[in-house]
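Report on the following structure.
In the numbering used here, the protein residues as written are -5 to 192.
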């Protein structure tokens, strides 16, 4: 493919199925990059003697939600699958860990369950007589660095897979756009670009 002779001055929105699929892949790639960033920050946070539990929970929850979103079926079938996970060149029980991460996400995202602590109520008894009420709690453990590393390793491998798919879909979208006449291109909505847009 030859490079264009000048820098394009406008970008036109394409609404083809291939373009929509490419947009989905870009969103999945972005989610995987978020997982990686969260895992990097979690490793740093968990390496200190007393990690901030709010920061750890925030990063871990974001990583879990972002990871799981990559496997949403979606209308265009671009979501990742368990077959994608099985095909990764990683050692160990990769698919089992993937399923565990998805299960942990359900716990952290459950609107009716506190992911940090489990509470119980009891009655304080003295000489067979209730004397008061006791509320106790059991704090859930923070994620450990091994869990974070494993999740990050899978996300990294998946991001490489998605990046390759993005390249393939870009070629398909460009090929389709090249079949449009200049008049047809002019009818497409212009995408407003600002400084720093990619």
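Note that beta-carbon positions come from the ideal geometry of N, C-alpha and C, so glycine has one too.
- The Cβ-Cβ distance between residue 35 and residue 62 does not fall below 8 Å.
- For residue 128, the enclosing beta strand (DSSP E) stretches over residues 123 to 133.
- By the CB criterion at 8 Å, residue 16 and residue 143 fall outside the cutoff.
- Proximity to residue 116 across 122, 38, 128, 92 peaks at 128, based on C-alpha coordinates.
- In this structure, residue 26 and residue 152 form a Cβ contact; the two beta carbons are roughly 6 Å apart against a cut-off of 8 Å.
- For residue 57, there is no enclosing beta strand (DSSP E); the residue is part of the alpha helix (DSSP H) that begins and ends at 47 to 63.
- Here residue 39 is buried. Its C-beta has 16 or more other C-beta atoms within 10 Å.
- It is roughly 9 Å from the alpha-carbon of residue 32 to the alpha-carbon of residue 55.
- Ranked by Cα distance from residue 147, the options 57, 73, 106 are led by 57.
- In this structure, residue 6 sits away from residue 155, with a CB-CB distance that is not shorter than 8 Å.
- CA-CA distance, residue 92 to residue 99, rounds to 11 Å.
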